[in-house]
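For reference, the structure discussed in these notes is given below.
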Amino acid sequence: MTVALETRNLVKRFGGFTATNDVSLTVESGARHALIGPNGAGKTTLINLLTGVLKPTSGQVIVDGEDITGLSSHRRVRRGIARTFQINQLFAGFTPLESVLLAINERDGLGRSAWRPLAAHLDATDEAVDLLERFGLSGVMGEKTGRLAYGKQRLLEIALAFASRPRVLLLDEPAAGVAEEERSEVLAIVRSLPAEVTVVLIEHDMDLVFSFADRISVLVSGAVMVEGTVGEIAADPRVKAVYLGEDGT
Amino acid sequence: MSGARSEARKLATEQLRRGNAWRLYEVVLWIAAVAAIFLLPSKMLLLTEVAITALFALSLDLVLGYAGIVSLGHAAFFGLGAYAAGLFAKYAVAEPVTGLFAAAAVSGLAGFGASFLVLRGSDLTRLMTTLGIALMLAELANQMAWMTGGADGLSGVTIGPILGVFEFDLWGRTGYVYSLAALFILTFVARHLVNSSFGLSLRAIKANSMRAAMVAIPARNRIIVIYTIAAAYAGIAGALLTHTTSFVSPDVLAFHRSADVLLVLVIGGVGYLYGGIIGAVIFTVLRDWLSVSTPQYWMFWIGLILIAIVLVGRERIARWHTFLPASLQLGIKRFATWRPGVKLKESR
Amino acid sequence: MLTILFDGIAYGMLLFILACGLTITLGLMNFINLAHGAFAMAGGYITVVLMNSYGVSFYWCLLIAFLAVALAGLVLERLLYRHLYSKPHLDQVLFSVGLVFMSIAGAYYFMGGQQQMIQLPQELSGRFELHGVGIGRYRLFIILVCILLTIALQLLLTKTRFGSQLRAAVDDGRVARGLGINVSMVFALTFAVGSGLAGLGGAMGTEILGLDPNFPLKFMIYFLIVVTVGGTSSITGPFLAALLLGVADVAGKYYVPQIGAFVIYGVMVAVLLLRPHGLFSREGGR
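Residue numbers (the working numbering), protein chains in the order written: chain A, 511 to 759; chain B, 14 to 361; chain C, 5 to 290.
Here it is as structure tokens:
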């Protein structure tokens with residue numbers, strides 16, 4: 511099995527504060543890897559390091575065997591790693607059609623086409639329509655993103671990342687903030703992601719984690735406390751202590 | 014399933030086409046602009062000024078409305094184009110259309126260089142660098158009097174006939190047609206630019222630059238391109254001024270030009286390409302009306318208008334029609350969104 | 005040459021007093037206030053009117069300029085500026101440019117377009133020699149006043165309760181509010197003090213910088229240079245930047261008058277190219 515995503519001794523310090531403490535992860539191609547841990551453990555920081563939003567203090571990020579540590583965010587997306595944001599980062603004035611089309615155009619290098627109107631790129635339009643259909647967004651294809659229900663926005667968030675045809679997809683709490691009625695739709699989409707795409711999932715929802723992931727890494731205070739299969743983690747007393755000790759619920 | 018799928022595809026294509034279609038107000042605007050040649054023969058000089066200001070504001074719209082860059086120094090490219098056209102006509106070729114290309118090349122090149130500076134830092138830094146560049150050029154033009162005429166301006170500029178055929182006339186009609194043609198062609202090009210994939214990526218950068226990076230948009234490169242193009246546009250506007258007045262005044266690089274064009278664009282509306290043209294019309298009419306006494310009073314009113322615009326809120330002003338009675342609103346909406354092929358009653 | 009240095013330092017310190025209000029406004033409220041120069045101009049004109057028409061002593065004028073402009077700043081902040089903090093930078097630019105235009109028009113209308121002159125008190129005029137270096141008395145006065153003010157500011161920031169509230173609000177407004185700090189009053193007072201200092205600087209600068217209705221536009225770029233090159237995360241950054249700018253400008257205009265101003269702008273652009281967040285600020289600071 512090939513390794514799709516790897517980090518080697520990744521460290522991120524902000525002044526005196528160490529947000530990411532010597533994290534070495536290995537995620538195999540096609541895996542469903544979950545990243546869990548209490549709030550403030552550094553999960554989103556890690557995603558930011560993987561996608562180039564933050565530059566590491568030291569360490570490396572490797573995608574498909576290629577060291578991408580020095581690359582800027584947009585170059586990393588081209589290398590095959592895409593992400594969603596915990597709080598939707600969408601294009602408020604765009605329609606879902608335009609948003610998804612944007613991602614497809616960029617992926618196919620059409621972003622430099624400065625004369626032909628958008629509608630002229632038929633293949634890209636077709637793919638956009640199909641993608642929206644797959645994510646259940648066909649009905650709202652032409653509405654402004656800002657007007658959509660939050661659940662639909664969340665689906666668009668994932669669709670947008672998926673449109674770049676990533677090898678590795680990082681989902682930062684995909685169901686966060688989504689109302690009960692719309693959750694199942696989001697979770698169904700996450701579960702139906704194709705097998706070739708490697709998925710790294712940050713989640714607090716343990717049901718989703720245990721039903722979806724095959725491996726779990728537990729992040730505490732920026733370091734990987736323990737990593738293993740779902741069964742191993744579920745049984746690990748330290749994990750229970752970290753969660754129950756923290757929340758007290 | 015293919016029936017539903019092809020339906021969806023048609024709908025999608027239709028939606029995308031909608032962005033590019035010619036609106037009724039656009040058609041009306043251009044027809045009115047051409048009609049003015051015959052209907053307002055005594056106002057040719059004023060209308061030429063409107064056309065030039067419109068082009069200048071259009072160029073600012075490209076960077077402000079589509080790339081989100083707040084520039085206080087856009088006059089740098091306007092002035093550069095004006096001086097380039099003047100010097101070109103004086104020492105090289107007197108034919109104006111060639112001069113337009115020369116001016117565009119010079120200011121485009123300057124824009125290209127400046128774009129690297131503009132990319133760095135925060136909004137304030139960008140403001141500073143744009144302002145600094147404009148001030149530098151103004152100072153340079155002032156000091157290099159041997160070439161630019163310094164504070165007296167560049168005179169002795171004789172402009173040949175357009176394309177060797179059309180002489181500039183005393184009433185300014187040729188000048189107006191010339192400027193209007195340039196404005197039309199460049200607006201047409203800008204339309205294509207803005208409605209293309211490139212244009213979409215620009216709007217994405219402006220809407221959410223973090224997300225834009227995450228869909229593989231190389232923001233830097235795109236901004237460099239649009240800034241260069243915008244600079245070339247501004248340079249052409251400056252060149253038009255030189256060609257139609259046979260003179261280059263040192264105030265083409267003045268700060269108030271950068272401030273004025275910003276105001277023009279904001280009045281007309283940022284980010285839909287026609288804001289510059291509409292703003293130019295309103296601004297020029299307003300200025301003519303208000304400049305009764307000294308230029309300083311003009312400054313007072315402009316200042317007041319600026320403050321009022323900000324306090325009332327630009328979004329509220331953009332939605333001005335929502336404060337009208339419903340029937341009037343509907344009429345305006347139909348007017349604004351009608352495009353060829355759609356029955357008037359159906360347009361949304 | 006040392007005289008040039010001395011003059012440059014005086015000029016720089018004056019610039020610092022003028023610009024430090026802007027630094028804090030920008031760092032604290034993230035508000036681009038291009039109208040800062042208008043407050044300075046107001047201080048200058050108040051001094052001119054009081055001295056020339058009412059015979060008020062120069063020293064009293066400085067104090068009155070500070071207080072009057074501070075009050076004006078407070079009023080404007082409460083009435084207008086307050087509503088604009090959350091607006092996009094474009095709106096802030098438009099607003100402050102509008103204010104500048106109105107103040108210039110007002111200055112022309114009430115005071116005319118000519119350069120304003122004041123008569124400095126006897127003890128501050130003229131120069132004396134110290135180890136072969138020509139020292140202008142007025143410039144020495146400026147340096148002393150500015151040093152005192154800078155020390156006072158530093159003490160205000162570090163040793164008083166208001167100062168620590170201000171620093172907390174700059175660091176994180178939301179948290180500061182959560183701690184019970186009345187952030188909006190901190191903003192208002194800070195803006196008032198900053199404007200007052202600008203007014204004081206304008207009053208002091210009448211003799212050295214000149215005073216005419218175009219003052220806000222002429223010197224806006226200098227203030228902005230101090231703020232961008234100096235950064236907004238400390239007092240020392242803008243202080244050093246202002247000194248550098250003052251010396252560079254005076255030296256430039258003396259040694260290479262042909263391209264004097266050009267050098268300043270060129271250096272600024274170069275600095276911004278290399279260090280977009282200012283020469284002295286920590287990276288990532290506003």
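Even glycine gets a Cβ: it sits at the ideal position worked out from N, Cα and C.
Residue state for I218 of chain B is assigned as helix, using DSSP reduced to three classes.
Per DSSP, R675 of chain A lies in no alpha helix (DSSP H) and is assigned neither H nor E. With a cutoff of 8 Å on beta-carbon distance, P217 of chain C and I108 of chain C are scored as near each other.
Between L278 of chain B and G292 of chain B, the CB-CB gap stays under 8 Å.
Per the DSSP secondary-structure output, L167 of chain B pairs in a beta bridge with B:V261. DSSP places L53 of chain B outside any alpha helix (DSSP H), giving it a letter other than H or E. Across the segment 257 to 281 of chain C, CB contacts with chain B closer than 7 Å involve Q262, I263, A265, F266, Y269, G270, M272, V273, L276, L277, P280 and H281, in sequence order along the chain.
Identification of chain A residues near S72 of chain B by a Cβ-Cβ cut-off of 9 Å yields none; the smallest Cβ-Cβ distance measures about 16 Å. With respect to L560 of chain A, L680 of chain A sits close: the two C-beta atoms are nearer than 8 Å. Assignment of beta-bridge partners to E576 of chain A by DSSP yields A:V573. For the segment 83 to 104 of chain B, the set of residues with a beta-carbon nearer than 9 Å to any beta-carbon of chain A is empty.
Exposure of Y104 of chain B is indicated by the presence of fewer than 16 other C-beta atoms within 10 angstroms of its C-beta. Closest by C-alpha distance to S90 of chain C, out of B:L324, B:S72 and B:F336, is B:L324.
Neighbours of H205 of chain B in chain A, taken as residues whose beta carbon is under 9 Å from its own, are A624, W625, R626 and P627 in chain order.
When CB distances to chain B are screened at a threshold of 9 Å, not a single residue of the segment 516 to 547 of chain A falls below it.
In the three-state DSSP reduction, K553 of chain A falls in the helix class (H, G or I). Taken in chain order, the members of the segment 14 to 31 of chain C whose beta-carbon sits within less than 9 Å of a beta-carbon on chain B are L30.
By the rule that beta-carbons nearer than 8 Å mark a contact, G32 of chain B touches chain A. At least one C-beta of chain B is nearer than 8 Å to the C-beta of V639 of chain A.
With respect to chain B, the C-beta atom of G580 of chain A has no partner C-beta closer than 8 Å.
Residue state for H543 of chain A is assigned as strand, using DSSP reduced to three classes. Between R593 of chain A and chain B, the shortest Cβ-Cβ separation is below 8 Å.
Counted as a single uninterrupted DSSP element, the stretch harbouring E516 of chain A is not any alpha helix (DSSP H) but the beta strand (DSSP E) occupying residues V513 to F524.
The Cβ neighbour count for P263 of chain B, taken over all protein chains shown within 10 Å, is at least 16; the residue is labelled buried. Put simply, the CB of S210 of chain B is near chain A, with a gap under 8 Å to one of its CB atoms.
Nearest to L88 of chain C by alpha-carbon distance, out of C:F191, C:L160 and C:A246, is C:F191. Between the segment 103 to 119 of chain C and the segment 36 to 49 of chain C there are three or more C-beta pairs closer than 8 Å, enough to call the two in contact. By the Cβ criterion, the segment 620 to 635 of chain A is not in contact with the segment 682 to 698 of chain A, since fewer than three pairs of Cβ atoms, one from each stretch, lie closer than 8 Å.
Using a Cβ-Cβ cut-off of 8 Å, Q599 of chain A counts as an interface residue toward chain B, since at least one Cβ of chain B sits closer than that to its own. A distance below 8 Å separates the beta carbons of A602 of chain A and A220 of chain B.
For secondary structure counted as the alpha helix (DSSP H) over 4 or more consecutive residues, the segment 95 to 143 of chain B holds these complete runs in sequence order: 109 to 131. At a cut-off of 8 Å between C-beta atoms, S702 of chain A does not count as an interface residue with respect to chain B. Here the C-alpha atom of I320 of chain B lies approximately 31 Å from the C-alpha atom of I239 of chain C.
Of the residues A:Q663, A:V710, A:T517 and A:A733, the one whose Cα lies closest to the Cα of Q599 of chain A is A:Q663. For T594 of chain A, there is no enclosing beta strand (DSSP E), since its DSSP letter is neither H nor E.
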